[in-house]
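Heads up: the sequence lines are chains A and B, in that order.
Numbering of the first sequence is given in this note's numbering, commencing with residue 1 and proceeding in unit increments.
Numbering of the second sequence is given in this note's numbering, commencing with residue 1 and proceeding in unit increments.
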Amino acid sequence: MNSKAKWIDICQLHDIPTNTGVCADLQGQQVALFHLRSYKSDGESQVKAVANFDPFSKANVLSRGLITEQQDKYYIASPLLKQQFCLDSGLCEQDESVSIRTFDSRIHRGLVQLREVF
Amino acid sequence: MSRQKVVVVGNGMVGHHFIKQLSTEHSDDFEIVTFCEESRLAYDRVMLTSYYTGNSADDLALATPEQYDQMGVEYYLNQQVSAIDAAAKTVTSSTGLCISYDKLVLATGSFPFVPPVPGKEQAHIHVYRTLEDLDAIAMSAKSSKVGVVIGGGLLGLEAANALKQLGLKTHVVEFAPRLMAVQLDQGGGELLKQKICDLGVEVHTQKNTKEIVFGESCRYRMNFADGSYLETDTVVFSAGIRPRDNLAREAQLKLGERGGIVINDQCLSSDPDIYSIGECALWDNKIFGLVAPGYAMAKTVVSHLTGTEKAFKGADMSTKLKLLGVEVASIGDAQGNTEDSQSYSFIDSATGIYKKIVMDQSGKILLGAVLVGDSTDYGQWLQLALNKIEINPPPEYLLLPQIEGKISATSTGVDALPDSAQICSCLDVSKGQLCEAVVAGATDINALKSCTSAGTGCGGCIPLLTQVMNAQLSKQGVSIDNSLCRHFNYSRTQLFDIIRVKEIRSFNALLDDCGAGDGCEICKPAVASMLASLWNEHVLETELLSLQDTNDNFLGNMQKNGTYSIVPRIPGGELTPEHLILIGEVAKEYRLYTKITGGQRIDLFGAQLHQLPHIWKRFVDAGLETGHAYGKSLRTVKSCVGDSWCRYGVQDSTSMAILLEQRYRGIRSPHKVKMAVSGCARECAEAQSKDFGVIATEKGWNLYIGGNGGMRPRHAQLFASDIDDRTLIRYIDIIYMFYVRTADRLQRTSVWMENLEGGLDYLQQVVFADKLAINDELICQMEHLIDTYQCEWKTTLENPAKLKRFSHFINSDKTDDNIIFSTVRQQISPTNNTPELASQR
Ligand code: SRM
Ligand SMILES: Cc1cc2nc3c(=O)[nH]c(=O)nc-3n(C[C@H](O)[C@H](O)[C@H](O)COP(=O)(O)OP(=O)(O)OC[C@H]3O[C@@H](n4cnc5c(N)ncnc54)[C@H](O)[C@@H]3O)c2cc1C
Ligand code: SF4
Ligand code: FES
Numbered sequence: 001m002n003s004k005a006k007w008i009d010i011c012q013l014h015d016i017p018t019n020t021g022v023c024a025d026l027q028g029q030q031v032a033l034f035h036l037r038s039y040k041s042d043g044e045s046q047v048k049a050v051a052n053f054d055p056f057s058k059a060n061v062l063s064r065g066l067i068t069e070q071q072d073k074y075y076i077a078s079p080l081l082k083q084q085f086c087l088d089s090g091l092c093e094q095d096e097s098v099s100i101r102t103f104d105s106r107i108h109r110g111l112v113q114l115r116e117v118f
Numbered sequence: 001m002s003r004q005k006v007v008v009v010g011n012g013m014v015g016h017h018f019i020k021q022l023s024t025e026h027s028d029d030f031e032i033v034t035f036c037e038e039s040r041l042a043y044d045r046v047m048l049t050s051y052y053t054g055n056s057a058d059d060l061a062l063a064t065p066e067q068y069d070q071m072g073v074e075y076y077l078n079q080q081v082s083a084i085d086a087a088a089k090t091v092t093s094s095t096g097l098c099i100s101y102d103k104l105v106l107a108t109g110s111f112p113f114v115p116p117v118p119g120k121e122q123a124h125i126h127v128y129r130t131l132e133d134l135d136a137i138a139m140s141a142k143s144s145k146v147g148v149v150i151g152g153g154l155l156g157l158e159a160a161n162a163l164k165q166l167g168l169k170t171h172v173v174e175f176a177p178r179l180m181a182v183q184l185d186q187g188g189g190e191l192l193k194q195k196i197c198d199l200g201v202e203v204h205t206q207k208n209t210k211e212i213v214f215g216e217s218c219r220y221r222m223n224f225a226d227g228s229y230l231e232t233d234t235v236v237f238s239a240g241i242r243p244r245d246n247l248a249r250e251a252q253l254k255l256g257e258r259g260g261i262v263i264n265d266q267c268l269s270s271d272p273d274i275y276s277i278g279e280c281a282l283w284d285n286k287i288f289g290l291v292a293p294g295y296a297m298a299k300t301v302v303s304h305l306t307g308t309e310k311a312f313k314g315a316d317m318s319t320k321l322k323l324l325g326v327e328v329a330s331i332g333d334a335q336g337n338t339e340d341s342q343s344y345s346f347i348d349s350a351t352g353i354y355k356k357i358v359m360d361q362s363g364k365i366l367l368g369a370v371l372v373g374d375s376t377d378y379g380q381w382l383q384l385a386l387n388k389i390e391i392n393p394p395p396e397y398l399l400l401p402q403i404e405g406k407i408s409a410t411s412t413g414v415d416a417l418p419d420s421a422q423i424c425s426c427l428d429v430s431k432g433q434l435c436e437a438v439v440a441g442a443t444d445i446n447a448l449k450s451c452t453s454a455g456t457g458c459g460g461c462i463p464l465l466t467q468v469m470n471a472q473l474s475k476q477g478v479s480i481d482n483s484l485c486r487h488f489n490y491s492r493t494q495l496f497d498i499i500r501v502k503e504i505r506s507f508n509a510l511l512d513d514c515g516a517g518d519g520c521e522i523c524k525p526a527v528a529s530m531l532a533s534l535w536n537e538h539v540l541e542t543e544l545l546s547l548q549d550t551n552d553n554f555l556g557n558m559q560k561n562g563t564y565s566i567v568p569r570i571p572g573g574e575l576t577p578e579h580l581i582l583i584g585e586v587a588k589e590y591r592l593y594t595k596i597t598g599g600q601r602i603d604l605f606g607a608q609l610h611q612l613p614h615i616w617k618r619f620v621d622a623g624l625e626t627g628h629a630y631g632k633s634l635r636t637v638k639s640c641v642g643d644s645w646c647r648y649g650v651q652d653s654t655s656m657a658i659l660l661e662q663r664y665r666g667i668r669s670p671h672k673v674k675m676a677v678s679g680c681a682r683e684c685a686e687a688q689s690k691d692f693g694v695i696a697t698e699k700g701w702n703l704y705i706g707g708n709g710g711m712r713p714r715h716a717q718l719f720a721s722d723i724d725d726r727t728l729i730r731y732i733d734i735i736y737m738f739y740v741r742t743a744d745r746l747q748r749t750s751v752w753m754e755n756l757e758g759g760l761d762y763l764q765q766v767v768f769a770d771k772l773a774i775n776d777e778l779i780c781q782m783e784h785l786i787d788t789y790q791c792e793w794k795t796t797l798e799n800p801a802k803l804k805r806f807s808h809f810i811n812s813d814k815t816d817d818n819i820i821f822s823t824v825r826q827q828i829s830p831t832n833n834t835p836e837l838a839s840q841r
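What follows is the structure, encoded as structure tokens:
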């Protein structure tokens, strides 16, 4: 079983414009945090979090990428070289041997919270 | 069986094709050696002229030393074979190397014929066959103003095109009474001459060059037999080709009366161990000066060597070309030499179209054709002729533009072709083979090309290839898909119309109306661009924010380490000293890397996300605006100083450039748009490589459109001449908006023009004659965009909510510690990221 750290408050949900990302400082680590809400009228908000470091360009930029959807799964496309990473698994679509870390995230009373998965 | 040793003399297009075929299919059975007189392995001679328009020698290469090494082919560069000993079965090279063979293949090609004109051996007199020739011509052109091509055949006109591209005043001198005498009849030749003269190339027919002497106004003077003369600085001879058969002659192989190595249906010469293929070979008393027949011969020899015995049965010499921008095609018996054949022709002198067909006695089978000015019918007609397909309506219906009868005569299209129909003549690929490949899964053009090789020669068959593929796909029940992406089943043009007509203003609304899912990297930026082109709202409006691609997202181009570049607009490249100093001061204060761009402005690199608003505030306060270096929108309008300073200038090009840049700044389009204005024909602003190029004339402006630099450079085409300021702007308004409406995503104007059915002519009709009756609407739309312009940075700075996004962390004021700079040439340079790829597992 995974041991879980404590939830940490990051920001208000409305601090993250829908369907974009921000970068959060989680105890010294850079985390890319995304606010998803389906564009269809009945969409509900959810948050997802992965490492902000792009292993291909070696820069801390993933939070500034474009969110894409494919068969109901969400991906983040690196703003630099455009590789896509699954927001659930962290796996790279273009190169299966590469994946990035994912983090637990949730919306709790209007606040976005993160915690590390060990 | 032990390995046979095959020696190939000549590594040109055909020799190489033979080697490739033999070694890929039967590498174990043969040891291959080739001699190459030129300094490099085979290259694409057919595309030779593109060497002047962007293709390097490497781009043209058909084979590389690495590939030959891998294939186990032994090759000798820069070595001519100087003798064959047919009895001993050896060849000797110019360096004295002697090699034995089991089978010898002569693929020595041909040489350009230079008639014995006194004075022909001088420094600036050339031929047009090899890359070295082209280098030499380019060198001459540097010190020349005028160039003459002797010979108005196919190659001569191609050489003339090259001279024109090199910037020379170009003449073509032809001995015969018409151009392209081999392929065209009198009517076609006349029209071609007219069209080429219109392009500024002078054509002199029925001129016999007697001698070349020193000139008065130019380097040389050519004296003609009729007493007239022409002065020129450079001459290119293109008076036909002659087979290189001297080796064969010395080895006492049988030659034709007028040269050429005589071969039989197996491509064997008079010696049972020596084959000959390509332009040096004479079959049925014919030399084939095209690559497709050479490839067919290569195939024949491969089959003969491997025991399958496919016979060479001649080849079709139909051709379709674009010479100096004029479409020309000739099919089969173009001259009507067949007994009892009947000819029909159609001349539209207003638009410059000439078409002629030659029908058999019954009037039902097409034997040959000539097309000048418009060769769209080529593919269809070639198939009708090659496959002897019976045409039922009266033959003249084939010729007439768009009437019902014509449609029923030819619209049977590719479906009517038998499976044996040859679609790609360069690589000899039939319709049946293509359909099989489609069935096996090659469902796009690139896949089809790579698995059948069709379309990889001259490329002329690609439209037909596409038709065959699409027909086969629809037969298989696959509908042809031009939808934007998996979220929208519409093309960009269709979506644009939907958004416009239904006045849709957000991605949500568009998805609700006609989309599925939640969008992706293709549709989101495309829709954002369309919404901006129509409604011109700020790109960082909340509704639009999540659609923007990287650079629009933070109004700056992201650099490799996650920092941004800053490019203030410098309209027309004109900058006051005060602004120049400010830019310098800001760069110094924030320690930014500073560079003059290729677009006549200044780029500051290395700004971090949180610094962007501070830096832009300094600029906006001083009256500088965003340069939209990040947007798919107008970039720069390059200028020259024009008549305000330059002694040659005939108009105020700088003012016009500034006017255009301020008029069109910020307008979002399918791709970026670049413009330039030059003050005279010397063209210092390089307008002919821009999407919209403007060149001053004594009487006004010439407008060029569809130019491109970048990966596939294209020269812009002349759209209108000697127009005044108002007309110029009106035309640009219309074309720009028409492009915005109808181009595909990320399609530059050059590619858009190429894909526009009817091309330049059509666009001219749309603009000059308002053929679609939408010009007022387009202008109105353009004016709306101009009126609603805002400096995106200025608006952003005025809006605190928007500024919140410009910090590295949402929950801390810290900055990114992974951004590290070192110093290179006294400026910063990013060091944190190394290009190699490491797994994160
Ligand atoms: C800065 C500059 C190079 C320089 O150091 O001088 C530059 C830099 C970039 N060019 Fe360029 N191009 C620059 C002039 C050009 C020119 C020359 C010109 O404009 O006269 C060309 C060829 C002309 C043309 O476009 O037809 C040029 C053809 C390209 C292309 C190829 C376009 C094509 O159609 O093939 C790309 C790629 C693309 O747009 O898809 C490109 C893309 C880029 C991008 C945006 C690549 C990227 O996404 O990061 C670079 C970002 C620059 C930045 O951060 O500001 N750049 N680029 C030049 C900026 C000019 C300016 O003031 O805006
Ligand atoms: C500008 C231009 C445009 C053309 N456009 C077209 C076109 O659009 N469509 C088309 O079908 N055809 C076109 N052609 C013709 C086409 O290039 C030729 O048909 C084709 O290259 C013939 O191939 P080949 O191998 O027989 O001869 P080449 O390609 O000429 O190759 C022969 C090679 O053998 C070498 N050689 C000769 N003698 C010796 C020796 N003794 N020892 C060693 N090496 C030797 C030569 O140096 C040369 O490299 C064009 C040609 C030119 C020049
Ligand atoms: S294009 Fe003409 S006017 Fe402009 S700088 Fe060059 S020479 Fe002078
Ligand atoms: S016909 Fe030349 S590539 Fe197909």
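Every residue, glycine too, gets a C-beta built ideally from N, C-alpha and C.
Contiguous beta strand (DSSP E) elements confined to the region 113-144 of chain B occur at 125-127, taking only those with 3 or more residues. For B/A369, the closest alpha carbon among the candidates B/Q342, B/D360, B/S330 and B/G363 is that of B/S330. Under the Cβ criterion of 8 angstroms, A/R115 is not counted among the residues facing chain B. By the Cβ neighbour-count rule, B/L371 is buried, with 16 or more other Cβ atoms within 10 Å of its own. Interface flag for A/R109 against chain B is unset, since no Cβ pair is found closer than 8 angstroms. A residue is called buried when at least 16 other Cβ atoms come within 10 angstroms of its Cβ; A/L80 meets this threshold and is buried.
Within the chosen limit of 7 angstroms, ligand 1 reaches the beta carbon of B/T597 through at least one heavy atom. Three or more beta-carbon pairs separated by less than 8 angstroms are not found between the region 715-725 of chain B and the region 662-672 of chain B, which leaves the two stretches without contact. Using a cutoff of 7 angstroms, the CB of B/V567 counts as near ligand 1, since one of the ligand's heavy atoms is closer than that. Contact between the region 498-510 of chain B and the region 54-66 of chain A is absent: fewer than three C-beta pairs spanning the two stretches fall below 8 angstroms. Sixteen is the threshold: when 16 or more other Cβ atoms of the shown chains lie within 10 Å of the Cβ of B/R40, as they do, the residue is buried. Beta-bridge analysis with DSSP links B/C280 to no other residue. Ligand 2 has a heavy atom closer than 7 angstroms to the beta-carbon of B/Q80. Taken atom to atom, the span from the alpha-carbon of B/L580 to that of B/Y648 is near 28 angstroms. For B/K356, the enclosing beta strand (DSSP E) starts and ends at I353 to M359. In the DSSP annotation of this structure, the continuous segment of the beta strand (DSSP E) that includes B/Y344 starts and ends at Q342 to D348. Between B/D513 and chain A, the shortest Cβ-Cβ separation is not below 8 angstroms.
If you draw a straight line from the Cα of B/L756 to the Cα of B/K286, it is about 40 angstroms long. In terms of CA proximity to B/V201, B/L166 leads the group B/L166, B/F214, B/A176 and B/L184. Between B/M711 and chain A, the shortest Cβ-Cβ separation is not below 8 angstroms.
Not one heavy atom of ligand 1 is found less than 7 angstroms from the C-beta of B/D722. Each residue's CA atom was taken as its position, placing A/R37 and B/V429 some 52 angstroms apart.
The Cβ of B/H671 sits no closer than 8 angstroms to any Cβ of chain A.
Residue pairing by DSSP puts B/P243 in a beta bridge opposite B/S110. With a cutoff of 7 angstroms, B/N755 does not count as near ligand 1, since its C-beta is closer than that to no heavy atom of the ligand. Pairing B/L785 with B/G584, the inter-Cα distance amounts to about 33 angstroms.
By the criterion of a C-beta distance shorter than 7 angstroms, B/C523 is surrounded in its chain by L484, C485, H487 and F488, once the five residues flanking it on both sides are discounted.
For B/F719, no chain A residue has a C-beta closer than 9 angstroms to its own C-beta; the minimum C-beta separation is roughly 35 angstroms. DSSP places B/Y739 in the helix class (H, G or I) of the three-state scheme. Residue B/L778 holds the alpha-carbon nearest to the alpha-carbon of B/Y739 among B/I723, B/L778 and B/F768. Per DSSP, the unbroken beta strand (DSSP E) holding B/V8 starts and ends at Q4 to V9. Cβ contact annotation for B/V149 (same chain, cutoff 6 angstroms, sequence separation greater than five): G156, A159, A160, V172, V236 and S238, in chain order.
At the C-beta level, B/L473 and B/K802 stay beyond 8 angstroms of one another.
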